[in-house]
Amino acid sequence: MIRDEKNGVPHYLFPVLDSPGAVHAVFTRRGGVSSGPYESLNLGMKVGDDPELVVENRTRICDVLAAPRLAVVAQVHGDRVLVLEKHGENAPRLWLTGEKADAMVTNAPGLFLAIKTADCQAVLLHDPVKKVVAAVHSGWRGSIANVAGKTVAAMMERFGSEPADIAAGIGPSLCPACSEFVNYRSEIPEPLWVYRDRTNRFDFWSMTRDQLLAAGLSGRRIGTAGLCTRCGPPEFFSYRRDKVTGRCASAIGLAS
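When we follow the working numbering, the leftmost residue of the sequence shown carries the number 123, and every step to the right adds one.
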């Protein structure tokens, strides 16, 4: 990823997603107005932070992206893919869809999709041919349910996307050394134990990449951040490290 900054808000960009028509960013925890354990660009409304500060933080993200509208969902660690097909024209700039889902897909210009994370993976997708974008929240439960692959399937079914045209960026999250699952035998299906080391740690970075490959994406069009939210530099929120903490944002949308 490439580090960038705009309006005093640092963020990262995936070179594989650098194609005309789409705008994206993977935000750090810096550049916002929240304080304490939520310092400072917290996007989570339900983690104990002041809602007015969260609104300001979300507005700052909109300004960085030049986003007319930013949609969020209630993430539930599942595999539901919400398709927003030319909807939301009359919605507010900070659009709380009210939907429970862990992935969003749209072909509506100006509608940006935001995922909130604090150790889970955010996966951003762009099909420049059919002009479709998607944002995926892939925690460990979403990963074992293949929410990333199901999002690609939704892009194909609803918008006619060809997987070979789709580019994907897998955001910062727990690295293999920090993805420890003491109860993996009851939590993770045995076919996925191939991603386990000799102890009880899992490589979810490789798992998600393999799921995208299995969905038909080209390996050269998949980028992985390779940044750990827990043991890396403390520029991201981490639930495993801090417990009480904020949520980072990753967002993508089609330019108006």
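C-beta: ideal position from N, C-alpha, C; glycine also.
Remember, it's a predicted structure, so these values are computed and weren't measured experimentally.
Check	Outcome
From this set, Gly-345, Gly-264 and Ala-299, which residue's C-alpha is nearest Leu-139's C-alpha?	Gly-345
Find out if the Cβ-Cβ distance for the pair Val-198, Lys-238 is shorter than 9 angstroms.	no
In chain order, what residues of the same chain have a beta carbon less than 7 angstroms from the beta carbon of Ser-162, not counting five sequence neighbours either side?	Arg-151, Arg-152, Gly-153, Gly-154, Val-155 and Ser-156
Return yes when the Cβ of Asn-164 is within less than 9 angstroms of the Cβ of Arg-369, no when it is not.	yes
Following the continuous alpha helix (DSSP H) through Pro-173, name the residue where it begins and the one where it ends.	173 to 187
Can you check DSSP and say which residues form a bridge with Val-205?	Val-227
Report the residue ranges of all beta strand (DSSP E) runs contained in full by the segment 234 to 300; include only those spanning at least 3 residues, in chain order.	243 to 249, 254 to 260 and 289 to 292
Which runs of the beta strand (DSSP E), 3 residues or longer, sit entirely within the segment 124 to 164?	124 to 128, 131 to 135 and 144 to 149
Would you tell me roughly how many angstroms separate the C-alpha atoms of Val-366 and Lys-208, rounded to the nearest one?	37 angstroms
Under DSSP, the beta strand (DSSP E) around Gly-193 begins and ends at which residues?	Here residue 193 turns out to be Ala, not Gly, going by the sequence shown. From DSSP, the beta strand (DSSP E) with Ala-193 extends over 191 to 196.
Answer yes if the segment 312 to 325 comes into contact with the segment 270 to 289, meaning at least three C-beta pairs across the two stretches below 8 angstroms, and no otherwise.	no
Among the residues of its own chain, which have a CB less than 6 angstroms from the CB of Ser-141, if the five just before and after it don't count?	Pro-250
For Phe-303, write down the residues that DSSP places opposite it in a beta bridge.	Per DSSP, none; premise fails for Phe-303.
For Trp-315, is the classification buried or exposed, using 16 other Cβ atoms within 10 angstroms of its Cβ as the cut-off for buried?	exposed
Take Ala-257 as the anchor and find which of Thr-273, Leu-335 and Ile-266 has the nearest alpha-carbon.	Thr-273
Mind checking Val-186: buried by the 16 CB within 10 Å criterion, or exposed?	buried
Leaving out the 5 sequence neighbours to the left and right, which residues in its chain are closer than 7 angstroms to Ala-336 when beta-carbon positions are compared?	Gly-271
CA-CA distance, Ala-373 and Arg-307?	34 angstroms
Do you know whose CA, among Ala-213, Val-205 and Asp-241, lies nearest Ala-347's CA?	Asp-241
I'd like to check one pair, Ala-290 with Val-227: are the Cβ atoms closer than 9 angstroms?	no
So, under 8 angstroms CB-CB, Ala-236 and Leu-192 are touching, yes? Tell me the CB distance rounded to an integer number of Å.	5 angstroms
Does the CB of Ser-283 have a neighbour CB from chain C at under 9 angstroms?	Among the chains in the structure shown there is no chain C, since it carries only a single protein chain.
Applying the criterion that 16 or more other CB atoms from any shown protein chain within 10 Å of the CB defines a buried residue, is Cys-353 buried or exposed?	exposed
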